[in-house]
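Asks: I have a structure here, written as structure tokens, and I will follow up with some questions on it.
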Amino acid sequence: MKSGYYQIGVREQDRYKTAFVVPFGHYEWNVMPQGLKNAPSEFQNIMNNIFNQYMDFSLVYLDDVLIFSKNINQHIEHLEKFINIIKENCLLVSEKKIKIFQTKIRFLGFEICQGTIKPIQRSIEFAEKFLGCINYIADFIPNIRTKCAPIYKRLRKNPPEWDEEMTKAIIRIKNLVKRLPCLGIPYPKANIIVETDASDLGYGGILKQKLP
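Residue numbers for the sequence shown follow full-length UniProt numbering, so the first one is 1 and each next one is one higher.
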């Protein structure tokens with residue numbers, strides 16, 4: 001679906017419940033916004049009411065709809081029924097999300113292929129997002145670059161598949177994040193001492209102060 005929640009209207013007498021105030025005015029939603037406590041369950045309920053009669057060839061999770069068939073001819077029939085359902089209920093479909101006549105798909109974190117199913121390998125995008133978050137608090141974790149080294153492998157031009165070493169690195173880093181230390185704030189009137197060291201394998205440095 002395209003912007004699924006926004007396809008669900010809010011009754012006029014209930015719109016005040018979605019009100020919000022910004023510096024330039026007071027606004028209320030005419031359609032169901034994301035963030036409402038009951039939005040996911042209500043949207044799923046609406047989708048179930050629409051597609052439940054076609055459960056033999058469709059699977060719906062929020063705004064993702066999976067149409068499955070045994071062969072191409074049957075798939076064409078199912079797609080025609082799906083299109084009719086969409087038209088009858090005035091729903092909009094995202095052109096970018098449509099994939100038809102696929103023998104292998106990714107759905108809800110799993111890769112499904114002609115009678116088999118397996119978890120999707122952790123993606124490069126996941127590695128980038130995780131490392132980006134860790135970089136934000138890197139000052140609080142000693143030697144964080146070394147600890148993240150296994151994950152950085154996923155960012156190479158020809159990255160290896162996700163392995164146990166990468167999973168263990170994620171777990172170790174998460175455990176470190178749970179107990180981040182408190183850092184001292186530099187004293188502006190005290191001298192700053194820079195101490196560095198280097199070798200063939202790497203380099204490092206620390207800042208020190210002798211407080212009065």
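Note that CB positions come from ideal geometry on N, CA and C, so glycine has one too.
Since the model is a prediction, treat every value here as computed from it, not as a measurement.
Identify whether THR110 lies in helix, strand or coil by the three-state DSSP scheme.
Replies: It should be noted that the sequence gives Phe, not Thr, for residue 110. Correct three-state label for PHE110: strand.
Asks: Could you spell out where the alpha helix (DSSP H) holding VAL10 opens and where it closes?
Replies: It is not in any alpha helix (DSSP H) - VAL10 carries neither H nor E in the DSSP assignment.
Asks: Excluding the 5 residues flanking GLY205 on each side, which residues of the same chain have their C-beta closer than 6 Å to its C-beta?
Replies: Correct list, in chain order: THR196.
Asks: Confirm, please, whether the CB-CB distance from TYR6 to VAL31 is below 8 Å.
Replies: Cβ atoms of VAL31 and TYR6: closer than 8 Å.
Asks: First and last residue of the beta strand (DSSP E) that includes GLY205?
Replies: GLY205 -> beta strand (DSSP E) spans 203–209.
Asks: Under a CB-based cut-off of 8 Å, is LEU59 close to chain D?
Replies: The displayed structure is made up of one protein chain only, and chain D is not part of it.
Asks: In angstroms, rounded to a whole number, what distance separates the CA positions of ALA198 and PHE140?
Replies: Taking the straight line joining both Cα atoms gives about 21 Å.
Asks: Tell me the rounded alpha-carbon separation between PRO160 and GLU80.
Replies: Cα to Cα, the separation comes out at about 41 Å.
Asks: To the nearest angstrom, how far is it from the Cα of LYS99 to the Cα of PHE110?
Replies: Whole-angstrom Cα-Cα distance: 16 Å.
Asks: Decide if ALA127 is buried, meaning its Cβ has at least 16 other Cβ atoms within 10 Å, or exposed.
Replies: Result: buried.
Asks: Taking 8 Å as the cut-off, decide whether the C-beta atoms of ALA190 and LYS210 are in contact.
Replies: Their beta carbons are under 8 Å apart, which means ALA190 touches LYS210 by this criterion.
Asks: Is MET1 buried or exposed, if buried means 16 or more other CB atoms sit within 10 Å of its CB?
Replies: Its Cβ being crowded by 16 or more others within 10 Å, MET1 is buried.
Asks: Could you check the C-alpha separation between PRO181 and LYS96 for me, to the nearest Å?
Replies: Roughly 45 Å between the two C-alpha positions.
Asks: Comparing alpha-carbon positions, which option in ILE117, LYS118, ASN38 and ARG15 lies nearest GLU28?
Replies: Ranking ILE117, LYS118, ASN38 and ARG15 by Cα distance to GLU28 puts ARG15 first.
Asks: What three-state label does DSSP hand VAL177 in the structure shown?
Replies: Note: VAL177 maps to helix in three-state DSSP.
Asks: Out of LEU92, ASN71, ASN73 and ILE72, state which residue places its alpha-carbon closest to the alpha-carbon of VAL65.
Replies: That would be LEU92, whose Cα lies nearest to the Cα of VAL65.
Asks: List, from N- to C-terminal side, the alpha helix (DSSP H) runs of 4 residues or more that fit wholly inside the UniProt domain "Reverse transcriptase" (1–112).
Replies: Counting whole runs of 4 or more residues, the UniProt domain "Reverse transcriptase" (1–112) contains the alpha helix (DSSP H) stretches 39–51 and 72–88.
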